[in-house]
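I have placed the structure first, in the form of structure tokens, so that the comments after it can refer back to it.
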Amino acid sequence: RVVVHCAGVFNTDRWATKSDGGDPTAAVNFHGVAALTKRVLDDVAPVGKHEAPTNHIRVVFVGSFTHECATARLLSLNAFKRWLKNYGTTPRYYNPALNYMWSKVAVSAYATYAHDAWRVTYGHRVSAVLVDPGLIDTRLIRGWPTALQRIFCFVGKASGLMQSPAAAACGVVRAVCYAPGDEETCPFIYGPTGSHVRESYWMRHGKVAAGSWAKLSFY
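Shown next, in the form of structure tokens:
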């Protein structure tokens, strides 16, 4: 009764595209998440508040600290809408960091949209829980130049922002075990080590754009 979306990539090859022309970062980090979520709910949660399933279904979205990134807000909501429309960025203007940032902004915004929509469609039988794992010491950036990887890790650790995968996993574990309350109007968000964090700008203002894209693409 729990689905955890934890896959993530950081594509640095501007010419690496899927067969449909989409960007790998956008496909794995967001588009695949939305498509799989819909498929799962279509199979196990028929529309109608009084129909099966009898058990609560929880969808855990693992996002990123980048959903609170100031750069995203400076680029504006219109830039986010363009990213959604273009299925990621085009090779000519490819920026791996911005593309990753938008993919995680999209996950946060979609989680909020889905949580609200599921309350209307399924009542309290289906809910979204979002995890903001913070800055984690993983090999996600292995495609970066070695010198840049070292600088990034040094700054992250020196600032105290970077943590181990084991510590970040605490948030995911708590999200899996947590039972959302009926009164919630937005996803319960777990931060690093399982702490509770507040919703971001994108969860408030980007959810309509993410929801509209999902409807056009999968409904």
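So in our numbering, spot 168 of the sequence shown is number 1278, and the numbers just go up one at a time. Just so it is clear, CB atoms sit at the ideal spot from N, CA and C, and this is done for glycine as well.
Practice prompt. Could you check which residue in Y1197, H1115 and L1245 has the C-alpha nearest to that of S1327?
Written response: Working through the sequence shown from its first residue, we reach residue 1327 at position 217. Minimum Cα distance to S1327 is reached at Y1197.
Discussion item. Can you give me the C-alpha to C-alpha distance between V1143 and T1181, rounded to a whole angstrom?
Written reply: By 1-based counting over the sequence shown, the position of residue 1143 is 33. By 1-based counting over the sequence shown, the position of residue 1181 is 71. If I take the Cα positions, the gap works out to 24 Å.
Worksheet item: Of all the CB atoms in chain C, is at least one closer than 8 Å to the CB of P1255?
Response: The structure shown has no chain C; it contains just one protein chain.
Item to complete: Report the residue ranges of all beta strand (DSSP E) runs contained in full by the stretch 1231 to 1267; include only those spanning at least 3 residues, in chain order.
Response: 1236 to 1241
Fill in: Residues near Y1210 in its chain [Cβ-Cβ closer than 6 Å; skip 5 each side]
The residue labelled residue 1210 in the question sits at position 100 within the sequence shown. Correct list, in chain order: F1120 and T1135.
Worksheet entry | When W1125, L1208 and G1281 are compared against D1242, the one with the closest alpha-carbon | On the sequence shown, position 132 is the one that residue 1242 refers to. If we check each option's Cα against that of D1242, G1281 comes out closest.
Worksheet item: How close, in whole Å, do the beta carbons of A1257 and A1320 come, if the pair is a contact with beta carbons under 8 Å?
Response: Against the sequence shown, residue 1257 aligns to sequence position 147. Against the sequence shown, residue 1320 aligns to sequence position 210. With 8 Å as the limit, A1257 and A1320 do not qualify as a contact, their Cβ atoms being about 35 Å apart.
Practice prompt. Taking 8 Å as the threshold, find out whether the stretch 1223 to 1235 comes into contact with the stretch 1246 to 1256 through three or more Cβ pairs.
Written response: With contact defined as three or more Cβ pairs closer than 8 Å, the stretch 1223 to 1235 and the stretch 1246 to 1256 are not in contact.
Worksheet item: So L1250 packs on G1132, CB below 8 Å; how close in whole Å?
Response: Translated into positions along the sequence shown, residue 1250 becomes position 140. Translated into positions along the sequence shown, residue 1132 becomes position 22. Contact doesn't hold; Cβ gap of about 20 Å is too wide.
Worksheet item: Under a Cβ-count criterion, where at least 16 other Cβ atoms within 10 Å of its own Cβ denotes burial, should W1125 be classed as buried or exposed?
Response: For the purposes of this step, residue 1125 is taken as the residue at position 15 of the sequence shown. Answer is exposed; the Cβ neighbour count stays below 16.
Discussion item. If you measure between the beta carbons of A1207 and I1246, is that distance less than 8 Å?
Written reply: Working through the sequence shown from its first residue, we reach residue 1207 at position 97. Working through the sequence shown from its first residue, we reach residue 1246 at position 136. It is not a contact, given that the beta carbons lie outside the stated cut-off.
Worksheet item: If H1177 and V1239 are in contact, beta carbons under 8 Å, what's the gap, nearest whole angstrom?
Response: In the sequence shown, residue 1177 corresponds to position 67, counting from 1. In the sequence shown, residue 1239 corresponds to position 129, counting from 1. That pair is no contact at about 15 Å.
Item to complete: Compare the beta carbon distance of A1221 and F1264 with 8 Å and say whether it is the shorter of the two.
Response: On the sequence shown, position 111 is the one that residue 1221 refers to. On the sequence shown, position 154 is the one that residue 1264 refers to. Taking 8 Å as the Cβ cut-off, A1221 and F1264 do not qualify as a contacting pair.
Fill in: Local conformation of V1169 per DSSP, three classes
Residue mapping note: residue 1169 aligns to position 59 of the sequence shown, counting from 1. Residue state, collapsed to three classes: strand.
Item to complete: Name the residue from T1122, S1322, G1244 and F1140 whose alpha carbon lies nearest to the alpha carbon of P1275.
Response: Sequence index remark: in the sequence shown, residue 1275 carries index 165 (1-based). The residue with the shortest Cα to Cα distance from P1275 is G1244.
Worksheet item: Opposite M1272 in the DSSP bridges: which residues?
Response: In the sequence shown, residue 1272 corresponds to position 162, counting from 1. L1245.
Item to complete: Label N1139 either buried or exposed according to how many other C-beta atoms from any shown protein chain fall within 10 Å of its C-beta, with 16 as the threshold for buried.
Response: Here residue 1139 refers to the residue found at position 29 of the sequence shown. With 16 or more other Cβ atoms within 10 Å, it is buried.
Worksheet item: Applying the criterion that 16 or more other CB atoms from any shown protein chain within 10 Å of the CB defines a buried residue, is L1184 buried or exposed?
Response: Taking the first residue of the sequence shown as 1, we reach residue 1184 at position 74. Flag for L1184 reads exposed.
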